[in-house]
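Undergrad: Just so we're aligned: the sequence shown equals residues 67 to 211 in this note's numbering.
The beta carbon of each residue, even a glycine, is placed where N, CA and C say it ideally should be.
Note that this is a predicted model, so its numbers are computed, not measured.
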Amino acid sequence: MQELKKQHLKVHACMPLSEGPKRYLEAYVTEANDNNNIQINGITFADANLQILPCKAINAQSEIITLKLTHLPMLLPEEALTGLTKSLSMFGNIIDIGITTDNATGFFMGSGYAVIDTLQAKESKFQQLSLPRTEVQTEGLTEDY
Numbered sequence: 067m068q069e070l071k072k073q074h075l076k077v078h079a080c081m082p083l084s085e086g087p088k089r090y091l092e093a094y095v096t097e098a099n100d101n102n103n104i105q106i107n108g109i110t111f112a113d114a115n116l117q118i119l120p121c122k123a124i125n126a127q128s129e130i131i132t133l134k135l136t137h138l139p140m141l142l143p144e145e146a147l148t149g150l151t152k153s154l155s156m157f158g159n160i161i162d163i164g165i166t167t168d169n170a171t172g173f174f175m176g177s178g179y180a181v182i183d184t185l186q187a188k189e190s191k192f193q194q195l196s197l198p199r200t201e202v203q204t205e206g207l208t209e210d211y
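1. Measuring straight from C-alpha to C-alpha, what distance separates K188 and T171?
2. Which residues in the same chain have their Cβ closer than 7 Å to the Cβ of L75, if we skip the five residues on either side of it in sequence?
3. Mind reading off the beta-carbon distance from Q73 to T110? Whole number of angstroms is fine, and I expect it under 8 Å.
4. Helix, strand or coil for T148? Go by DSSP, reduced to three states.
5. Considering Q105, what are the terminal residues of the beta strand (DSSP E) in which it resides?
6. Which value, in whole angstroms, describes the spacing of the CA atoms of C80 and M140?
7. If you follow the alpha helix (DSSP H) that L141 is in, where does it begin and where does it stop?
8. In chain order, what residues of the same chain have a beta carbon less than 8 Å from the beta carbon of H78, not counting five sequence neighbours either side?
9. In terms of residue numbering, what span does the alpha helix (DSSP H) encompassing Q117 cover?
10. Could you check what DSSP says for F157 in three-state terms: helix, strand or coil?
11. Which first and last residues belong to the alpha helix (DSSP H) in which L70 is found?
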């Protein structure tokens, strides 16, 4: 919170929250008082070489789908992200998207993830996203996944 205050002097409220192992921070600043454009610049932690960018709150009616992406084409990381964004945006608003890279080398590992809000507007421009279902037989019980 101290870094937030140093970089964004006019944040008027802040609340640390957690859900299980996830911890996050809700910060509130009006557009008129945003002296350092928090939406674009986020918060930078120079010592950790880390920048955290904000995201908007999700609509209560949102339909969020998290996709695990595997066997992606072996492109340059920037090209992979651009292609994924373009390909998946037809199914909804992309909330987050990323690819897996090796920590030591930075090599793209051919996998990634996407978080998409598929909430259909009345005059939707989005296509329906359907995922394959897998049926698992467990000691006489059948479960759909």
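TA: Working from what's here:
1. Bear in mind that a pLDDT of 49 at K188, under 50, signals an unreliable position, so the number given afterwards is only what the model happens to contain. Here the C-alpha atom of K188 lies approximately 46 Å from the C-alpha atom of T171.
2. Result list for L75: N101, in chain order.
3. With a contact defined as Cβ atoms closer than 8 Å, Q73 and T110 qualify at about 7 Å.
4. DSSP places T148 in helix when its eight states are reduced to three.
5. No beta strand (DSSP E) holds Q105; the alpha helix (DSSP H) holding it covers 104–107.
6. If you take the alpha carbons of C80 and M140, they lie about 41 Å apart.
7. That residue, L141, is in no alpha helix (DSSP H); it is neither H nor E in DSSP.
8. Taken in chain order, the residues that qualify are Y94, V95, T96, N99.
9. Run containing Q117: none in the alpha helix (DSSP H); it sits in the beta strand (DSSP E), 116–118.
10. When secondary structure is reduced to three states using DSSP, F157 falls in the helix class.
11. First-last of the alpha helix (DSSP H) with L70: 68–73.
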